[in-house]
Structures are given as structure tokens and as C-alpha cells.
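Protein sequence lines correspond, in order, to chains Z and V.
Residue numbering for the first sequence follows the numbering used here, starting at 73 and increasing by one per position.
Residue numbering for the second sequence follows the numbering used here, starting at 73 and increasing by one per position.
A virtual CB, placed ideally from N, CA and C, is assigned to each residue, including glycine.
2 protein chains.
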Amino acid sequence: MAEFDFGDRVVQINQNSLQSKCDTCPIHNRTMCAFAGEDAARELAMISRTRRISAGQTIVTEQDSLDFVGNVVSGVVKLSKTLEDGRQQIVGLLFPSDFMGHIFSDHTRFAYEAASDVEICVFDRKAFETLVQNNPEIQHELLLKVLTELDATREWMVLLGCQNARERIASFLLMLLRRSLQTGCPKEDLPPNPTIRFPINRKNIALFLGTTIETISRQIQSMSKARILKIIDGNTFEIINPGRLAKMANHEEWLEDYPV
Amino acid sequence: MAEFDFGDRVVQINQNSLQSKCDTCPIHNRTMCAFAGEDAARELAMISRTRRISAGQTIVTEQDSLDFVGNVVSGVVKLSKTLEDGRQQIVGLLFPSDFMGHIFSDHTRFAYEAASDVEICVFDRKAFETLVQNNPEIQHELLLKVLTELDATREWMVLLGCQNARERIASFLLMLLRRSLQTGCPKEDLPPNPTIRFPINRKNIALFLGTTIETISRQIQSMSKARILKIIDGNTFEIINPGRLAKMANHEEWLEDYPV
DNA sequence: CGCATATTTGAAGAGTTTCAAGCACAGTGG
DNA sequence: CCACTGTGCTTGAAACTCTTCAAATATGCG
Numbered sequence: 073m074a075e076f077d078f079g080d081r082v083v084q085i086n087q088n089s090l091q092s093k094c095d096t097c098p099i100h101n102r103t104m105c106a107f108a109g110e111d112a113a114r115e116l117a118m119i120s121r122t123r124r125i126s127a128g129q130t131i132v133t134e135q136d137s138l139d140f141v142g143n144v145v146s147g148v149v150k151l152s153k154t155l156e157d158g159r160q161q162i163v164g165l166l167f168p169s170d171f172m173g174h175i176f177s178d179h180t181r182f183a184y185e186a187a188s189d190v191e192i193c194v195f196d197r198k199a200f201e202t203l204v205q206n207n208p209e210i211q212h213e214l215l216l217k218v219l220t221e222l223d224a225t226r227e228w229m230v231l232l233g234c235q236n237a238r239e240r241i242a243s244f245l246l247m248l249l250r251r252s253l254q255t256g257c258p259k260e261d262l263p264p265n266p267t268i269r270f271p272i273n274r275k276n277i278a279l280f281l282g283t284t285i286e287t288i289s290r291q292i293q294s295m296s297k298a299r300i301l302k303i304i305d306g307n308t309f310e311i312i313n314p315g316r317l318a319k320m321a322n323h324e325e326w327l328e329d330y331p332v
Numbered sequence: 073m074a075e076f077d078f079g080d081r082v083v084q085i086n087q088n089s090l091q092s093k094c095d096t097c098p099i100h101n102r103t104m105c106a107f108a109g110e111d112a113a114r115e116l117a118m119i120s121r122t123r124r125i126s127a128g129q130t131i132v133t134e135q136d137s138l139d140f141v142g143n144v145v146s147g148v149v150k151l152s153k154t155l156e157d158g159r160q161q162i163v164g165l166l167f168p169s170d171f172m173g174h175i176f177s178d179h180t181r182f183a184y185e186a187a188s189d190v191e192i193c194v195f196d197r198k199a200f201e202t203l204v205q206n207n208p209e210i211q212h213e214l215l216l217k218v219l220t221e222l223d224a225t226r227e228w229m230v231l232l233g234c235q236n237a238r239e240r241i242a243s244f245l246l247m248l249l250r251r252s253l254q255t256g257c258p259k260e261d262l263p264p265n266p267t268i269r270f271p272i273n274r275k276n277i278a279l280f281l282g283t284t285i286e287t288i289s290r291q292i293q294s295m296s297k298a299r300i301l302k303i304i305d306g307n308t309f310e311i312i313n314p315g316r317l318a319k320m321a322n323h324e325e326w327l328e329d330y331p332v
């Protein structure tokens, strides 16, 4: 019998039903675990373990070697780079089901930090790399995932390169909206006035958007006055007019779901 | 006998020595062609052909389907996105030996355009995808390449997100320096006062750096006054002090080669 | 309740963009 | 050979957005 601490659940299982640990995993059907064949999935379950990190803790620093990879189960992990003089830029936010890690390389050039309380499911990197190289279909899924991420990063680059503060914040709100609806929500189920919660604090939002907490504050207040959103509390917002928000973001990709 | 128009060389070869077309390719040892096994390399040679595009011409527009992939042989290809109101951001510049294309997906979200006169070696996308899926080692190389590109894109994101105009231009100059030395130049061969040429016009540099041609002009003049570089002509610069330039860029990755 | 932390609000300042004009160079035609 | 025109780059001045610094307010927790 083995005991697994899986967040708020402690699961006791015996060796030949190792996969049951993953059956209770809230995101297992949205990660590579779902794409792996039965043998590979079993192997993944075998080498995986859960780690919990509290908000603000560094998981890996820049230049560190990253000896594990994994999936975010809950919370948000930030990927960032800090310049010598202290300026920092977040180059990626990893949400539940996102893959984290720097595979096939001994050092990462970015720091991984818990942007909120976080639960991650980790595998030993070397073991995972071997698994990948022995399973072309997993490698293929990984390639697709990285290609998607590359495109998303480029989209964000457009935001940083030529969009203003208002557009950046509108885009961030829409991104959160998307991610919160993402769990296979059919179009007709879209709530007319969805509610969004910031999963991370202002400072991190600012570092992600390449702006300051003051600018974010002012823009949010201004959107509230313009009746685009309603401030429920400092971190919760009701989007009164998702279509106008999308228009404001000026990014076609995010205009799709809601009419103006 | 078949005749291949390969830029300034026209190569005549017979079917069973198809690879010789690639032997004369100035970049073939820096692309995936070099990593492919003999059979795969022969197949690549078989399905490849050369295209020349003159500066300013669009190769593929956004939302277009991209039915080919390939390598840049000479010149610079720009990858960009344009917002409805005309603002544009370049999200990547592809130099000789860089891979171009949007594999395993029917539509690209970015436009490809020749930023200078360009020569590219293209393969049919579907054929290439089949080749990749049948050759795990090519798929692996491709994965590594995409991972490297993802990191490079994230580095550039730091630039756009939190660095000022001066740092951006210094970084761009250093990037050009790197690329021009990249052909396996050993450290002791570094010229003390290297010369750099802008391969693309000011407008495209501005679109890449998220700034304007005026700002670039002012910064270059100011660097010239500060004796960091010497303006040979509008597009050619002698870097008087590469170390100070690197310091100015404030990006550790680019500080390595030259002492301050 | 009081302290620490996080967010909002205000006013001044810096850096960049914008608009407008000037300059330099290449190609064309008289 | 020289004006003419077009294009691309530089320079100047004004305008604007965002940041910075400072203070006020709100929120959370022992």
C-alpha cells in the first residue's frame, strides 16, 4: 500500500492500481496524461508526485537546473526574468493543466515562482525525457503543445509591443474569462454577465502586462465608470459588457465569443 | 538530368545524386537537413525547391493557410501581426538557416513577409509533416528547435515589456552582431571593432522593437556621440566598444562575448 | 483593535510618440 | 551635367501617455 498526498485528498492505493491516483486528478483529462497510451500513462503515474507551494515561493530560480517537469494542478505559476537592476518581466503564467518545465536542457533562463498557492504534479525530468523519446506519440503531443505555446507567446508579444495600458488590461481580463470557461463550455452556456476573479495580486499582473499597479488600478476604475465592468471587490469583477471589453482589447482572437 | 535554380547558381544534376543540390547550399549544415539521416536528407532534397521573394513582398498573410515550410537561405523574413487599426508588431525575424512555417496546423495567425530580398528553400508542408512523423529523430530536432525559439521569444518579451528604447536598440545591434558571428567563429577570432549592417529598413526595425523610426534615429545618433559606435553610412556601423554596448543592453545573455 | 500589507488616488515628471520640416541619396530625364 | 522627384532617414518642438513618488484608504490577520 502506498499513500499519496494529493492536495486536500490523501489517496491510498496499492501498486497495481497506481493509476487511480490520477483518476481523482481534476485536470488529468486535459494534460498529456490523457494523450499517453495505457502503458505510458501508468508509467507517468508511477513517476509522478504532488508538490504544494505557497504564494510567493520560488520553485526554481533563473540559471538553476530544473530537474523536474510537470503539470499545474491548481493555482498559478509565473515564469519570469529579472534584470540586474531589479526590473522584472513575467513571460508566462501557467494555469491548471498547463505543462511546466524546461525539457531537454539543463538550465532554464527563467525563474518559476508560485504566483498564488499552487499544487503541481511533477515527474523527474530525466525519466520523463526517456519516456518521451520512447513514445513518439507523446513527443508529438509535446511538440504540438510547444507550438501552441509559441504562438500564444507571440500574441502576447504584440500586446507588449504595440498596445496601450487599457488594451492590455482588457486582454488580461478576457484571457482570464477564457481560461475560466475553457472546461469545454458550449457556446450557448456562456453567462451574459460573467464574473472574473484575479488569481494573482496586482504586482504580478503589472509584471505580466509590462505596466504598473497604479496604471492597472486607474484603468480598472475607469472601466468601472464606463460601465464595462462592476467591481464586486478588489479582486472580483462582473463583466457587464463582454463584447465591449473584447472590442477594447483590439485583438481579433478574443472577439469571437461575445457579440458587441 | 534536372536543373535547379539555386539563387545565383544553377545546378544541373541527375536523379541519383539529388543531394548535390543541397551540397552547394550555404546553410545546409546549420538546418535540420544536417540532422536528418541519409534517407531523410535525400527525401528532403527531393521535395525541396527554392523561391526568391523581393523586399516588401508578402509571402503569406495572416489567416492564410500555409501549405509549405522551409528554411531561409538568404535575407530576412519577418513574422508579424497587424491590428485592425493598422498598428503592426513584428514577432520574429527569420535569418538564414532559420526554419519558417507553421507545422501541424492549417492556418497561421501571423503574416510572413520578405523584410529584404529573400531566398528560401521550401518543402510541401504535408510531405514534410509525414516525413517528420516517420522520423522520430527529425521530430526530436524540431522539438528542440521550437523550444529554443520559445525561449528566444520570451527573452524578446522581456525587452518589449520592461526595457527602454536605448536598451532595445542596443540589444538589436548585439543580436545582429551575434548572428553575423554565428558561423562557428571561435572566441579568439572576435574582431575588436566589428562592423554591423542593418539588413532591413528602419520601419521594420521599429516594428520589431515596438518603437518608432524617429526614436531609433535619435538613439543611434546619441550612441554615436557617446562613442559607442561610429556611423559609416546610414545602415553600417562600426561598434567601437562592444562591451559597453552589451552593458547598455542590460541583458546578461548578450554580455558574454566581449569584455566591458 | 492595531499593525502590516495591498490597493487606490493625486500631482509632478520623464520618456516616447506625433507631427512637421529638413536633409541626403538614387534614379530619371532634359 | 544639373535640376526634378521620390524615398528613407534625421532633427526639432509640442503633446501625450505612463511612470514615479507620495499620501490616503482599504483589507486582512493575530
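(request) Please specify which runs of the beta strand (DSSP E), each continuous and at least 3 residues long, are wholly inside the stretch 119-193 of chain Z, giving them in chain order. (result) Listed in chain order, the complete beta strand (DSSP E) runs (minimum 3 residues) inside the stretch 119-193 of chain Z are 120-125, 130-132, 140-146, 149-154, 160-166, 183-186.
(message) At the 8 Å Cβ level, is Z:Pro314 part of the contact set with chain V, yes or no?
(response) No - not a single Cβ of chain V is within 8 Å of the one on Z:Pro314.
(request) Look at the Cβ atom of V:Phe140, then the Cβ atom of V:Val194, and state whether they are nearer than 8 Å. (result) The criterion of a C-beta distance shorter than 8 Å is satisfied by V:Phe140 and V:Val194.
(request) State buried or exposed for V:Pro271, treating a residue as buried only when at least 16 other CB atoms are found within 10 Å of its CB. (result) By the C-beta density criterion, V:Pro271 is buried, having at least 16 other C-beta atoms within 10 angstroms.
(request) Pull out every residue of the stretch 232-259 of chain Z whose Cβ sits closer than 8 Å to any Cβ of chain V, in chain order. (result) Look at the stretch 232-259 of chain Z: the residues with a C-beta under 8 Å from a C-beta of chain V are Leu232, Gly233, Cys234, Gln235.
(request) Below 6 Å CB to CB, which residues in the same chain sit around V:Met104 once its five sequence neighbours on both sides are set aside? (result) In the same chain as V:Met104, and ignoring 5 residues on each side of it, the C-beta atoms closer than 6 Å to its own belong to Glu213, in chain order.
(request) Give the interface partners of Z:Glu156 over in chain V, defined as CB-CB distance under 9 Å, in chain order. (result) Result: Asn322, Glu324.
(message) Please classify Z:Thr225 as buried or exposed, where buried requires at least 16 neighbouring CB atoms within 10 angstroms.
(response) Under this definition Z:Thr225 is a buried residue.
(request) Run through the stretch 193-224 of chain Z for me and flag every whole alpha helix (DSSP H) of 4 or more residues, listed as ranges in chain order. (result) Secondary structure within the stretch 193-224 of chain Z: the alpha helix (DSSP H) runs of 4 or more consecutive residues, fully enclosed, are 197-206 (chain order).
(request) Use the C-beta contact count for V:Lys275: other C-beta atoms within 10 angstroms, 16 or more gives buried, fewer gives exposed. (result) Taking a 10 Å sphere around the C-beta of V:Lys275, we find fewer than 16 other C-beta atoms and assign the residue as exposed.
(message) Any C-beta of chain V within less than 8 Å: which residues of the stretch 209-230 of chain Z qualify?
(response) Residues Gln211, His212, Leu214, Leu215, Leu216, Val218, Leu219, Glu221, Leu222, Asp223, Thr225, Arg226, Glu227, Trp228, Met229, Val230.
(request) Return no unless some Cβ of chain V is closer than 8 Å to the Cβ of Z:Leu317. (result) Judged by the 8 Å Cβ criterion, Z:Leu317 is not in contact with chain V.
(request) Quick one: give me the first and last residue of the beta strand (DSSP E) that Z:Thr96 is part of. (result) Where Z:Thr96 is concerned, there is no enclosing beta strand (DSSP E), given that its DSSP letter is neither H nor E.
(message) Quick check: what's the CA-CA separation for Z:Thr154 versus Z:Gln161?
(response) Rounded to the nearest angstrom, the two C-alpha atoms are 6 Å apart.
(message) Using only the alpha-carbon positions, how far apart do Z:Arg251 and V:Leu301 sit?
(response) Using only the alpha carbons, I get a separation of about 47 Å.
(request) Can you grab the Cα-Cα spacing for the pair V:Leu248 / Z:Gln205, in whole Å? (result) Distance from the CA atom of V:Leu248 to the CA atom of Z:Gln205, rounded to whole angstroms, is 35 Å.
(message) Between Z:Glu324, Z:Met295, Z:His100, Z:Ser177, which has its C-alpha nearest Z:Asn313's C-alpha?
(response) Taking Z:Asn313 as reference, the option from Z:Glu324, Z:Met295, Z:His100, Z:Ser177 with the minimal CA-CA separation is Z:Met295.
(message) Tell me which residue opens and which closes the alpha helix (DSSP H) that V:Thr287 is part of.
(response) Per DSSP, V:Thr287 belongs to the alpha helix (DSSP H) from 285-297.
(request) Measuring alpha carbon to alpha carbon, tell me which of Z:Leu245, Z:Asp305, Z:Thr267 ends up nearest Z:Ala318. (result) When C-alpha distances from Z:Ala318 are compared across Z:Leu245, Z:Asp305, Z:Thr267, the shortest belongs to Z:Leu245.
(message) Could you check whether the Cβ of Z:Ile175 sits closer than 8 Å to any Cβ belonging to chain V?
(response) Closer than 8 Å: yes.
(message) In the DSSP output, which residue or residues are listed as bridge partners for V:Leu301?
(response) Per DSSP, V:Ile311.
(request) Just tell me which of V:Arg159, V:Tyr184, V:Val145, V:Glu201 has its CA closest to the CA of V:Phe167. (result) With distances taken between CA atoms, V:Phe167 lies nearest to V:Val145 out of V:Arg159, V:Tyr184, V:Val145, V:Glu201.
(request) Under 6 Å Cβ to Cβ from V:Gly164, same chain only, skipping five residues before and after it: list those, please. (result) The residues are Leu151.
(request) Could you tell me the boundaries of the beta strand (DSSP E) in which V:Ile268 lies? (result) Unbroken beta strand (DSSP E) run through V:Ile268: 267-269.
(message) Can you find the residues in the same chain that come closer than 6 Å, C-beta to C-beta, to V:Thr308, ignoring five residues on each side of it along the sequence?
(response) So the list reads Arg269, once near-sequence residues are dropped.
(request) Determine the burial state of Z:Asn86: buried for a count of at least 16 other Cβ atoms within 10 Å of its Cβ, exposed for fewer. (result) In this prediction, Z:Asn86 has a pLDDT of 46, which is less than 50 and means its spatial position is unreliable; what the coordinates show is noted afterwards. So Z:Asn86 ends up on the exposed side.
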